[in-house]
Amino acid sequence: MGTQTTNTAPQSTTNAQGNGSLPLPQSDRDVEHLQGHWLLARIGKRVLRPGGKKLTGRMLAKTELEGKDVVEFAPGLGRTTQLILERKPKSYRGVDRDPQVVDIITKLTAENAPSIPTSCALHDAADTGLESESADAVIGEAMLTMQTERGKRAIIAEAYRLLRAGGTYSIHELGLQPDDLPEPVKDEVRKALARSIKVNARPLTEKEWRELLESEGFEVLWSGKEPMALLDMHRNLADEGLGGVLRILRNVLGNKDIRARVMNMKSTFHKYSKELNGIAFVVRKPAK
Numbered sequence: 189m190g191t192q193t194t195n196t197a198p199q200s201t202t203n204a205q206g207n208g209s210l211p212l213p214q215s216d217r218d219v220e221h222l223q224g225h226w227l228l229a230r231i232g233k234r235v236l237r238p239g240g241k242k243l244t245g246r247m248l249a250k251t252e253l254e255g256k257d258v259v260e261f262a263p264g265l266g267r268t269t270q271l272i273l274e275r276k277p278k279s280y281r282g283v284d285r286d287p288q289v290v291d292i293i294t295k296l297t298a299e300n301a302p303s304i305p306t307s308c309a310l311h312d313a314a315d316t317g318l319e320s321e322s323a324d325a326v327i328g329e330a331m332l333t334m335q336t337e338r339g340k341r342a343i344i345a346e347a348y349r350l351l352r353a354g355g356t357y358s359i360h361e362l363g364l365q366p367d368d369l370p371e372p373v374k375d376e377v378r379k380a381l382a383r384s385i386k387v388n389a390r391p392l393t394e395k396e397w398r399e400l401l402e403s404e405g406f407e408v409l410w411s412g413k414e415p416m417a418l419l420d421m422h423r424n425l426a427d428e429g430l431g432g433v434l435r436i437l438r439n440v441l442g443n444k445d446i447r448a449r450v451m452n453m454k455s456t457f458h459k460y461s462k463e464l465n466g467i468a469f470v471v472r473k474p475a476k
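Taking our numbering, the leading residue of the sequence shown gets 189, the next gets one more, and so forth.
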């Protein structure tokens, strides 16, 4: 069973993320066992997508949102949610299986879009509990990568079910390159990522992502790529600004356990920088 929270009054526990005063997901975990993206959020990093703010912006520019009913899977800290709301959708519904994310998004939408219907449901993206053909656009970032093939297909199928004919599904995920990357190298990269970020990441090549989406009935309208430079200085200056970078550095340097984890992640990303990228697609449910 899932629950749904509409734009109601916020809670009050401080976090370093700048989302008002709500706790971050996995805030009760120690540094060693914290999933990589929530570790980065803990140190104050706000843009957590593999292709950065630039690729998210490119993806949204190809997604028609104004006056549309929008569903966002796994909105996380709400950075993309804010960008969606700026484009004046008719309605916004978030779906996340983490109650702390639901609280964050409920507060954010109440403050940033009080004049439109908004909600955030406590559900899995593969089984949202939302009505079929009730959305014009579904958006999901950095979440299919973490799924098995079966899990990926279940979420993509749910997006298809939610969309009206002609509606779009936009994704921003971790990719592998080139398309003919040998299978042993793919396995090596995936195992290294799992050890480093504490998540069983299963990125795909552009060809594999495209074939997966098409096999679930979608038509590809657009795809784009950016370097996977999540912890590189130039990317962080672009995504976080100088003040944000200084905040992150202060938090990393002030805690040896966090510093060790972050340096391990940075080393892994650098080692496989030629094999990894951020990749985005905008695909359409065919018109009837």
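Glycine included, every Cβ here is placed at the ideal spot set by N, Cα and C. Predicted model only: the values in this text are computed from it and were never measured.
What do you get for residue i, buried or exposed, if any count of 16 or more other CB atoms within 10 angstroms of its CB means buried?
i	result
N465	buried
D499	Given that the chain is displayed from residue 189 to residue 476, the structure contains no residue 499 and the question cannot be resolved.
M416	buried
H311	buried
S421	It should be pointed out that residue 421 corresponds to Met in this sequence rather than to Ser. With fewer than 16 Cβ atoms within 10 Å of its Cβ, M421 is classed as exposed.
L392	buried
A313	buried
P263	buried
G282	buried
P238	buried
L430	exposed
Whole angstroms is fine: what's the gap from residue i's alpha carbon to residue j's?
i	j	result
L381	N388	7 angstroms
N439	K476	52 angstroms
K473	S320	13 angstroms
M247	R449	30 angstroms
T336	D315	16 angstroms
F457	L419	8 angstroms
Please go through the same chain and pick out, in chain order, the residues whose beta-carbon is closer than 6 angstroms to the beta-carbon of residue i, but skip the five residues on each side of it.
i	result
V480	An answer regarding residue 480 cannot be provided, because it is not within the stretch 189 to 476 covered by the chain.
T194	Reliability fails at T194, whose pLDDT of 44 lies under 50, so the model's placement of it is uncertain and the value that follows must be treated cautiously. So the qualifying residues of the chain are S307.
L434	none
A347	V326, Y357
R423	G240, A417
Looking only at its own chain, which residues have a Cβ that is under 7 angstroms from the Cβ of residue i, when we skip the five neighbours before and after it?
i	result
K374	L364
K233	E428, I436
L441	R447
What distance in whole Å lies between the Cβ atoms of residue j and residue i, which are believed to be in contact at a cut-off of 8 angstroms?
i	j	result
E404	I467	Not quite, the Cβ-Cβ distance comes to about 17 angstroms (not below 8 angstroms), so this is no contact.
K278	D291	With a Cβ gap of about 24 angstroms, K278 and D291 do not count as contacting.
Ordered along the chain, which non-local residues of its own chain (more than five positions away) have a Cβ less than 8 angstroms from that of residue i?
i	result
L425	V433
K459	A380
L369	T393, E463
The stretch 350-364 contacting the stretch 235-248, beta-carbon criterion three pairs below 8 angstroms = yes
task = Would you be able to state if there are at least three C-beta pairs under 8 angstroms between the stretch 214-229 and the stretch 293-310?
result = no
inquiry  = Does the contact criterion of 3 or more C-beta pairs under 8 angstroms hold for the stretch 439-453 versus the stretch 394-410?
reply    = no
The stretch 286-303 touching the stretch 316-335, judged by at least three CB pairs closer than 8 angstroms
no
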